[in-house]
Amino acid sequence: MVAFTLSTFPSHFSTTKTVIPKFPENPKTLILEKCKTTKDLNQVHANLIKTRLLHHPAAAEPLLEAAALLLPDSTIDYAFSIFRDLEHPDSSAYNIMIRGFTEAQSPAKSILLFRQMIEHLVQPDEFTFPGILKACSKLRALREGEQIHAYIVKSMGNLQCTEFVENSLVYMYASCDRLESARKVFDGMSKRSPVAWSSMFSGYVRCGHWEEVVGLFRKMMKMGIGFNEVTLISVLKACGRLSDLELGEWIYEHVVANGLKQNDSLITSLVDMYAKCGHLETARRLFDNMSTRDVVAWSAMISGYSHSNQCREALALFHDMQNANVTPSEVTMVSVLSSCAVLGALETGKWVHSYIKKKNLKLTVNLSTSLIDFYAKCGCVDIALEVFLEMPSKNAWTWTALIQGLARNGRGETALRFYNLMLRENVKPNDVTFIGVLCACNHAGLVDEGRDYLVGMSRDLGIEPKIEHYGCVVDMLGRAGLIEESYELITNMPIKPNAVIWRTLLASCRLHKHPEIAEEALKQVVRLEPAHSGDYILLSSLYASVGRLEDATRLRNEMKKLGIKKSPGWSYIELDGSVHEFMAEDNGHPESPEIYKAVENMMEQIKKAGYEPDTMQARLEAEEDADKEASVSHHSEKLAIAFGLIRTSPGATIRISKNLRICNDCHNAAKVISEVFKREIVVRDRNRFHHFKNGSCSCHDFW
DNA sequence: ATAGGGTTAG
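Each residue of the first sequence is one higher than the last, beginning at 16 in our numbering.
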């Protein structure tokens, strides 16, 4: 085979006076210009074969480049067929194919091809490494990446370790979570462009080392090192996660001052940052002012609402997104499902699930995990289980969501079985997993197991219990009537107890009528969090339940004197895909008069069937709100249930979610309603599910 | 040639 060089080319062709026009001065530009579609490519390809130019790199490579990199993914196989026809592909040809495969989402093929390149003794050049290292990054192929790094070091002298190669090495290590190795390459660089910094940042972002990103960026600014839009995107992500609004706003000013507002990715990052810092209005204003909003921008804004618990706004925006004809992605759906889960919006979530199936959205691990969480939080734990069992791969979050969901729905033993399965499948539990495990022990009344897990999590797995873990155990002991042990645990645990812990103890004192420890618990709670009404109410109703009515009234008066208001309870009910919200004594609903009529009717009917109002509670509440003529029969869950009764077809299940624990009177009423109206009623309160059916509740009156 | 926006449990 004769090796041509470009300079020999024109003279060679000027002698042939055939069909072929004079070989162009710049074949690359010409070929690239001609190849706009696959069809063009075919024509040029055919022409090059006919003119026997295909074996000339200067002609073949532009063709290859067009097929592998410039046209859509589908031509990568075509590109490879061209490549295989080359008799002696040189390093540039290999480089193009290696990059092509990576870009076409087949980075494994890039690695195979690189191996072939070495076997065929084609010397890689400094352009080969960025491509092949990118393939390693995509695959998180650390071993291959390290081998290539070694190869580069070994061949130093023959080939240059350029700045590009170094950047790629940093990014490769960062993608494989090897931050120390990335940092070592980074620190050894003689010149660091913004790309090097961004590569390093991307690793810290991946691993959630937000402080590192912000710290390094501040250092960068102090040293006057240049940065660009890509750098800012990483830094904004860190600002959001750290709620570092100060730096975030500085970046916003910078963006405005430097006319970078046209960069939609940057604006989306700002939207995300403001939303994560709780500035939803600013985020929304930026979002609304974008000239075009792609799926990522919509997702960022929706997740912003969902993140700050404005779930109804999240769903409303999702609705707007569909009206704007922007197709949601897997990522959008994660936030949407999370909002549905919080709201208990079963119908909407189910619709999302069927949409995912219909549109063939990819069931990523995250998305499936969200589905599991959503179904479990809506009380459909069997569907959650179904989704789980169909997943080809699961991570710790997936297992945790399932364990948690089973536990909350009263299937403690099953939850623990799945925990053991998780260990057997070598998925490492994290601290949240143990919240689920302890919660399972709690709801199943498995006190001994619960104590063991609390000790075992740090002893066997090195996960130190946090205040929340102690909270679960305190609750568990309290429920089981082991009030003294619970109290001792609080005073002896290595973490300072918070108000939540004392409040938990207080609630179990109420349940088991233990006024002495209750008084101590209230004292502690008030010291830590003075203005929380529920605490006073717990102790006062405990007094009432043991016949100490004077103490009960005294405490209520004290509370009134201190100006402590009851925190409002609300209940949600979802009907035909929209979520209705009720508060006690609520008059805000457009159908209010009708709903109150329905409540009166409902109460009358269940009284006939034997329901007796909790007079003690009614009296206390009446005293407290005498001016408002408040009534326990106007608790938010009763309004919501009554609304459900008149708005759904006979026999349909009524699903309510509420923010507080369900009160005793409503619990009694719901049992009777389920019998009288032949309805299943599912109430999700802040702690667990109550499935009311035929006059009884799945919690066995223990919550 | 190398870096970049939105994701999930208490």
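Even for Gly, the Cβ is constructed at its ideal location relative to N, Cα and C.
Taking the beta carbon of residue i as the centre, do at least 16 other beta carbons fall within 10 Å, making it buried, or is it exposed?
i, result
"VAL698", "buried"
"GLY477", "exposed"
"ALA165", "exposed"
"ASP629", "buried"
"ALA599", "buried"
"GLU652", "buried"
"LYS673", "buried"
"GLU268", "exposed"
"ASP642", "Interpretation of ASP642 is limited by its pLDDT of 47, a score under 50 that renders its predicted location unreliable; the figure taken from the coordinates is listed afterwards. ASP642 comes out exposed."
"ALA61", "exposed"
"MET348", "buried"
"VAL59", "buried"
"ASP303", "exposed"
"GLN419", "buried"
"MET618", "buried"
"HIS682", "buried"
"SER170", "exposed"
"THR52", "exposed"
Taking 6 Å as the limit between beta carbons, can you name the residues of its chain near residue i, skipping five residues before and five after?
i, result
"GLU464", "CYS456"
"GLY496", "HIS527"
"GLU479", "SER473"
"GLU328", "TYR320"
"PHE216", "VAL228, SER249"
Among the options, which has the Cα closest to the Cα of residue i?
i, options, result
"VAL180", "ALA514, HIS484, GLY203", "GLY203"
"CYS292", "ALA253, LEU247, LYS234, SER385", "ALA253"
"ALA536", "LEU577, GLY493, GLU401, ASN602", "GLY493"
"ILE552", "ASP700, ALA459, ASN304, ARG676", "ARG676"
"PRO509", "HIS529, ALA391, MET235, GLY486", "GLY486"
"ALA667", "ASN410, ASP279, GLU362, ASN278", "GLU362"
"LEU262", "LYS276, TYR289, ILE167", "TYR289"
"MET305", "LEU275, GLY578, SER646, LEU127", "LEU275"
"ILE240", "ASN273, ARG256, VAL647, LYS206", "LYS206"
"VAL488", "GLY625, ALA459, ILE126, LEU453", "LEU453"
"LEU157", "GLU534, GLU80, ILE126, PHE142", "ILE126"
"LEU295", "SER208, ASN278, LEU332, SER107", "LEU332"
"TYR626", "SER648, SER523, GLU264", "SER648"
"TYR109", "VAL137, ILE91, TYR93, SER208", "VAL137"
Identify, in the order they occur along the chain, each residue of the same chain with its Cβ nearer than 8 Å to the Cβ of residue i, setting aside the five sequence neighbours on each side.
i, result
"VAL540", "ALA514, TRP517, ARG518, LEU521, HIS547, ASP550"
"LYS481", "ASP446, ILE510"
"ALA211", "GLU178, GLU181, ASN182, VAL185, PHE201, MET204"
"LEU330", "VAL351, SER354, CYS355, LEU358, ALA360, THR363, VAL594"
"GLN337", "PRO343"
"MET238", "none"
"LEU56", "CYS50, LEU78, ALA81, ALA82, LEU86, THR90, TYR93"
Bridge partners for residue i per DSSP, in chain order?
i, result
"ARG670", "VAL697"
"HIS595", "ILE588"
"HIS706", "VAL697"
"SER711", "LYS708"
Please tell me whether residue i and residue j are closer than 8 Å, where the distance is taken between their beta carbons.
i, j, result
"LEU194", "GLY218", "yes"
"ILE387", "LEU358", "no"
"ILE317", "SER344", "no"
"LEU543", "TYR558", "no"
"ALA119", "ILE97", "no"
"ARG525", "SER501", "no"
"GLY614", "LEU654", "The identity of residue 614 in the sequence shown is Val, whereas the question assumes Gly. Contact: yes."
"VAL341", "ARG308", "yes"
"MET187", "SER213", "no"
"GLN590", "ARG694", "Strictly speaking, residue 590 in this sequence is Leu, with Gln absent from that position. For LEU590 and ARG694, no; Cβs fall outside 8 Å."
"VAL271", "ALA315", "no"
"CYS714", "LYS686", "no"
"HIS529", "ILE505", "no"
"LEU84", "ALA75", "no"
"PHE658", "ILE579", "no"
"ALA684", "ILE610", "no"
"CYS176", "ILE167", "yes"
"VAL396", "ARG426", "yes"
"LEU660", "PHE692", "yes"
CB-CB under 7 Å to residue i, same chain, minus the five flanking residues each way: which ones, in chain order?
i, result
"THR368", "Strictly speaking, residue 368 in this sequence is His, with Thr absent from that position. The residues are LEU386."
"PHE449", "TYR468, MET472, ILE478, HIS484"
"PHE129", "ILE113, ILE147"
"GLU565", "none"
"MET437", "TRP414, PRO444"
Under 7 Å from any heavy atom of the ligand SAH, does the C-beta of residue i make it?
i, result
"ALA599", "In terms of ligand content, the structure shown is empty, and the ligand SAH therefore cannot be addressed."
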